[in-house]
Every structure is written in C-alpha cells, then in structure tokens.
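Data first, discussion second: the structure below is written as structure tokens.
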Amino acid sequence: MKNKEISKILYEIADFLEIKGVKYKPRAYRKAARNIEALTEDVENIYERRELKEIEGVGESIAEKISKYLETGELEYYERLRKDVPVDIENLTNVEGLGPKSVKKLYNSLGIETLEDLEEAAKAGRIADVKGFGEKIQEKILENIDAARMGRERKLIGRIFPLVQDLKKRIQGKDVFERVNIVGSYRRRNPTIGDIDVLALSDDSEEAMEEFCNLNDVEEVLAKGDTKSSIIISGNIQVDLRIVDEVSYGSALMYFTGSKDHNVSIRSKAKGRDWKLNEYGLFDSNDERLAGEKEEEVYDKLDMSFIPPELRENTGEIESAERGSLPDLVERVDIRGDLQIHSNYSDGSASMREMVENAEEIDLDYVLFSDHGPSLKIAGGLSEKEFDEQSGEVEELNDEFDVEILLGVEANIVEDGLDISKDWCEKCDFLSVAMHNRPKDATDRILSVFENYPVDIWVHPLGRQFFSRDPLDIDLDKIVDKTEEEHIAIEISSQPERLDLDWRNVKKYRDKADYVISTDAHSTTELDFMRFGVSQARKGWCNEDSVLNTKSIDKARSYLNG
DNA sequence: GCCGTTTTCGGCCCGACTGTTTTCAGTCG
Ligand SMILES: Nc1nc2c(ncn2[C@H]2C[C@H](O)[C@@H](COP(=O)(O)OP(=O)(O)OP(=O)(O)O)O2)c(=O)[nH]1
Ligand SMILES: [Mg+2]
Ligand SMILES: [Mg+2]
Ligand SMILES: [Zn+2]
Numbered sequence: 042m043k044n045k046e047i048s049k050i051l052y053e054i055a056d057f058l059e060i061k062g063v064k065y066k067p068r069a070y071r072k073a074a075r076n077i078e079a080l081t082e083d084v085e086n087i088y089e090r091r092e093l094k095e096i097e098g099v100g101e102s103i104a105e106k107i108s109k110y111l112e113t114g115e116l117e118y119y120e121r122l123r124k125d126v127p128v129d130i131e132n133l134t135n136v137e138g139l140g141p142k143s144v145k146k147l148y149n150s151l152g153i154e155t156l157e158d159l160e161e162a163a164k165a166g167r168i169a170d171v172k173g174f175g176e177k178i179q180e181k182i183l184e185n186i187d188a189a190r191m192g193r194e195r196k197l198i199g200r201i202f203p204l205v206q207d208l209k210k211r212i213q214g215k216d217v218f219e220r221v222n223i224v225g226s227y228r229r230r231n232p233t234i235g236d237i238d239v240l241a242l243s244d245d246s247e248e249a250m251e252e253f254c255n256l257n258d259v260e261e262v263l264a265k266g267d268t269k270s271s272i273i274i275s276g277n278i279q280v281d282l283r284i285v286d287e288v289s290y291g292s293a294l295m296y297f298t299g300s301k302d303h304n305v306s307i308r309s310k311a312k313g314r315d316w317k318l319n320e321y322g323l324f325d326s327n328d329e330r331l332a333g334e335k336e337e338e339v340y341d342k343l344d345m346s347f348i349p350p351e352l353r354e355n356t357g358e359i360e361s362a363e364r365g366s367l368p369d370l371v372e373r374v375d376i377r378g379d380l381q382i383h384s385n386y387s388d389g390s391a392s393m394r395e396m397v398e399n400a401e402e403i404d405l406d407y408v409l410f411s412d413h414g415p416s417l418k419i420a421g422g423l424s425e426k427e428f429d430e431q432s433g434e435v436e437e438l439n440d441e442f443d444v445e446i447l448l449g450v451e452a453n454i455v456e457d458g459l460d461i462s463k464d465w466c467e468k469c470d471f472l473s474v475a476m477h478n479r480p481k482d483a484t485d486r487i488l489s490v491f492e493n494y495p496v497d498i499w500v501h502p503l504g505r506q507f508f509s510r511d512p513l514d515i516d517l518d519k520i521v522d523k524t525e526e527e528h529i530a531i532e533i534s535s536q537p538e539r540l541d542l543d544w545r546n547v548k549k550y551r552d553k554a555d556y557v558i559s560t561d562a563h564s565t566t567e568l569d570f571m572r573f574g575v576s577q578a579r580k581g582w583c584n585e586d587s588v589l590n591t592k593s594i595d596k597a598r599s600y601l602n603g
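Counted the way our numbering counts, the first sequence spans residues 42 to 603.
Now the structure itself:
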C-alpha cells in the first residue's frame, strides 16, 4: 500500500513550492496529501479504477502525478523541485519552529541539507549569524533536534483515553479554571490522536497559563501566551491550551474541535455572506457579534443544524446540516448487547462467569462468547470438544443470570472454507467469521464462505491493525452486497488497534450494511471499549437503526437467522 | 492546484506566539 509514500511526496512538494514562494499550490498539495493519508483503501486500487479525481483535493494535475508515480516509480516534477534545493525537507521541517522558508535560508547561507548539517552548524554557532536567525533560534534548534529525529507517533484514542481523562481532571482541579473541555481530534473521536487540545474558561488567564505550564509532568514549554500555550508532557505528548471568554466559548469550541478542513469550509461559508467566523465569534460586516457563546447558535445563524463533533471531517456534513438532513446518531445507551467477547476458555483473562457478571453490571441484555476456531492455536483456538464443554457451562450460567448468554465461534476463513465443520456451525447461536491471513483470492474466499456456511457476523473485516497491519485488499462493494443478501452483520470492532470496519467505509456502506458494534473484550475492563466502537459508528454517520445490537436479541436473531 | 445552490475563472480561513525585526515574517493552531 503506497498511500503513505505518496502523501509524503505530496507534502514534500508542498514544502518545496513554499520555498519557491508559490502561492496557494502548497495548500492544494497538502490538502490532497492529507486526504490520501487518511484513505483506508489502497490508492493504487483507486488509480486502477481511474477514480483518483474522486478523492477530495485531487484534481487533474495531482491525479496525473500520482498515476505517473505508480506507473514508473518516479515523479519528475518532484525530482526537479528537489534538485533546486536538495535538502532533507521532511526531517528538517520536523524541527519545531523550522518551516520551509527557514530551511531555504539555511541552505542558501550555510549549505545545510540534513539534520546532521543542522546540528553541526548550530553547535558551531554559525546559525546565530545568519540574517533573520539569532541565538535563541539556534538554542531552540539544538534543544529540539533529537525530538525531530525521533518523530512523534500518533496515539490510539482507546489507549490514551485514561491519560486524557486524568489530565482533564488535573487541570479542572485547579481553582483558576472554571470550565475545561478536551477538543481537537479527541473530541472528534479520531482513531488516532496527534496531540491533546484543551479549551478552558478562566477569569485570570495569566494565572491559568502559569498553572498549566507548571503541571507536574511538563517536560518542555513550547510557547506561552495570554490566550494560548503549548507544552510537552511526559510520554512525549504535546498539549495545547486555549483560553477564551464566555461570550466566545462556543465559537472557540468550534475552532479548536476542527477539523481544519471543516473550519476552513465553514469560515468560507460565513465569508460568502460578508460575515466573519473566528474563535471569538461570528460577526457581521459591521463587526457586530451574531453568535459565539454556544456552538449551536453559530451553526444556527449559518442556517445549519448542529453538527456533532464526530462528523466534522469535511466529508459532506456541512451540506447535510444546511439541508437539515444529518442523521440522528447512535449512542452508547442504545447498545443492548455485545456480540464478541472472550473468556479464559481461550486467550481471555476472565472466566465466563466474571465476564457475564460485568456485562450485567453495565446493563447489557445479551453477550456472545466467540473464541477462535481450531486453526488459530496461538490465539487460544478451541477444539470441538472444548467448545462442547463451554456450551455446557453456558447453559448453567444462563439459568443463573438475566443476561442472555450466547455461544459461537470466530471461525477462520481458510483455503477451502472454514476451519470448523458444518455440524459445529449448527451448534453455534451465532457464527462469526474472519480472515486471518491475506491470500490473493481473499474476496472469492470470503464470498464463497458467505454463500456456503450459515454465517451471521463478519468480524474485523479488513484485518487492519494500526501501526502494524494494512487493511486487506478486498472488493468491499461485492462483499457488502453479499452480506445484504445473506443477512450477515458487519462488525465494527471497538479494539483500539482495530476500529475495523473503519469509519470511512462504515459511512460509505451505511445504507446497505447492518453493523454490529463489538468490544472483542478479553477482560472485564475491556467491556468498556464499547464507547470507542460507538464513536466510530457515529463517525460513520450511523443511526440507531443501522446497528443491530441496539435491538433486542429476538429481533437480532430473527434478522441474522432469516 | 482545486473547485463551484453565488462562479468553469477568480477566488482560496483566520489568528496567536516568537524572534528578530524597527514594523513583520515565519510557523503553528
Ligand atoms: N481555522 C483553522 N483552524 C485550525 C487550523 N489548524 C488547526 N486548527 C484547529 C482545528 C484543529 O482540529 C484544532 C487543533 O489542531 P491540531 O493541529 O491539534 O489538529 P487535530 O487535533 O485536529 O488533529 P491531531 O490529531 O492533533 O493531528 O485547531 C487552521 O489552519 N485554521
Ligand atoms: Mg490535536
Ligand atoms: Mg494541537
Ligand atoms: Zn480474529
């Protein structure tokens, strides 16, 4: 999958064009780069379908460049730009405070091409002598150069969640803060989070900033002003704080929640009316405030319904809000069952009894235990004999608990079908299937299993895992059609590393597909992962009706078995 | 370079912080 590679080239082109002082094109290249980076589908497939231009921000020219690169492995336009200023633009601009313009100056004056050159020049004191630079910048470069070498990897929302909650509590705990909201990609429930953005209300912003920059785990203060500060806390995590007045709080929430593209779009709309939208409010052409204290008011004045943060990705939500046709999104309280949990019969850490007790505590009506089939021994795969034992225990537990306990298997899609017999399939309340390797004919294998076995749920459909596994290269159009035909539900996994099916595809297929949101919990605490799956369903524009486990077990059963 | 219930050409979001600068450019959100 070359998405990352291509978006990197586009980002670099943007930087090189900025070096040359070209207007607007850098923004265009960056926008295209961002959208390609965010794709779940392999850009090469989109190229093969001749649909590159459907990607937001990709037009004639960029589509042609991507095609050339995919066909020849080279891009002359990019190579030419790089020849003019032959620097390691990606790494150099990774140094906090260094952008394309500074990199060019340093190249022209000192011939700096790499981070090593930069460090050497800074240590020798040569940077301070360059016009436009000085001692402080030179010092800052030396301080930040190692961070640039390491890079800052994005964090998974499900993993950073406790830390964010704790940080929020710590800030809220200080009297000088009257209101605190976590915003940015976290509020939008992005699967991954680049930094933690915080909006706050305080009548003494100076003192508030002081407290913020002196939190006990602050490692570096990147910037500190009256309304805005940035710090690095332990774990190499950046935290940005913005403080505004109450009259601006709503518009500041909008600004700081983003996304950037959503902001730009919506600000352009305001501008089209001769108004102005910024973090302080919505203003008419006489600078009279039209709204600002509440987000709802700002959207309302712009003749839009309120846009839930999860939808603010500039993927059609603005037009939809203008038409008043945004979906009524599914909520966590709508969820009535969890159709993938595990116990110590396989690689789970808790007994079935413990899992059920906890499920009852969080008001679930039903749960499905579905451990791996026999071919996945490393993941604690069960033999049919072990399954039968488990089945016996399920029967006992069902007598004892109100929660309806269902038993199934996560069967593995293998070369000639599933790794369990059809007889075994019939013993399952629900049959879940998944692919755990990546053969060339994956699409056909999946389709054939859907046709030939009584499949109920297709779990972690793309097999994606953040930072380690790319999504499977399969024909989702075809497979989703088949799930509709066969009454098979598609899982949205709540596991932080998976969140699979991903929200963009969830959105794409939401009218056809029936989704189930599952935790894949391997311990009692992981039952709480449900919130992350629900967030992804919301990002995918799902209403309650598109999610099967918001329904009673009888309704779910009659659909899946029908 | 992209894009269109104002446009197929003429626009392209808006502001804070920093360092170096005598008034602002660069970078970042
Ligand atoms: N209007 C406007 N708002 C911006 C711009 N850049 C960032 N913002 C707003 C929207 C962002 O969601 C918010 C926080 O910025 P971040 O850089 O932290 O981005 P975000 O949190 O969305 O993603 P992240 O996971 O941190 O990479 O600030 C911009 O250029 N213009
Ligand atoms: Mg952020
Ligand atoms: Mg930020
Ligand atoms: Zn699996």
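Virtual Cβ for every residue (Gly too), placed ideally from N, Cα, C.
From what residue to what residue does the beta strand (DSSP E) around residue 562 run?
-> Residue 562 -> no beta strand (DSSP E), and no H or E assigned at all.
Flag residue 235 as yes when its Cβ comes closer than 7 Å to any non-hydrogen atom of ligand 2, and as no otherwise.
-> yes
Find the nearest neighbour of residue 498 within the set 485, 440, 476, judged by alpha-carbon distance.
-> 476
Residues bridged to residue 410 by DSSP?
-> 382, 448
Under the three-state DSSP convention, the category residue 499 falls into = strand
Taking one C-beta from the region 231-251 and one from the region 197-214 each time, how about it: are there three or more such pairs within less than 8 Å?
-> yes
Going by the CB atoms, is the gap between residue 43 and residue 99 shorter than 8 Å?
-> no
Backbone CA spacing between residue 97 and residue 79 [nearest angstrom] | 11 Å
Within this structure, are the beta carbons of residue 461 and residue 504 separated by less than 8 Å?
-> no
To the nearest whole angstrom, what separates the beta carbons of residue 585 and residue 375, a pair I think is in contact under 8 Å?
-> 5 Å
6 Å CB neighbourhood of residue 51 in its chain, flanking five on each side removed | 70, 73, 74
Are the beta-carbon atoms belonging to residue 442 and residue 402 less than 8 Å from one another?
-> no
Which class does residue 534 belong to by DSSP, given the choice of helix, strand or coil?
-> strand
If you run the structure through DSSP and keep just helix, strand and coil, what is residue 241?
-> strand
Find out if the Cβ-Cβ distance for the pair residue 480, residue 198 is shorter than 8 Å.
-> no
Look at the alpha carbon of residue 148 and the alpha carbon of residue 235, and state the distance between them as a whole number of angstroms.
-> 29 Å
Boundaries (first-last residue) of the beta strand (DSSP E) holding residue 281 = 278-285
Would you give the residue range spanned by the beta strand (DSSP E) that residue 475 belongs to?
-> 471-475
Starting from the Cα of residue 108, find the closest Cα among 122, 93, 120, 118 and give me that residue.
-> 93
What are the boundary residues of the alpha helix (DSSP H) that residue 639 is part of?
-> This structure gives no information on residue 639, because the portion of the chain shown stretches from 42 to 603.
Residues near residue 493 by beta carbon distance below 7 Å, same chain, minus five either side = 458
Ordered along the chain, which non-local residues of its own chain (more than five positions away) have a Cβ less than 6 Å from that of residue 318?
-> 308, 311
Cβ-heavy atom distance between residue 451 and ligand 4 below 7 Å?
-> yes
Should residue 355 be counted as a contact of ligand 1 given a C-beta to heavy atom distance under 7 Å?
-> no
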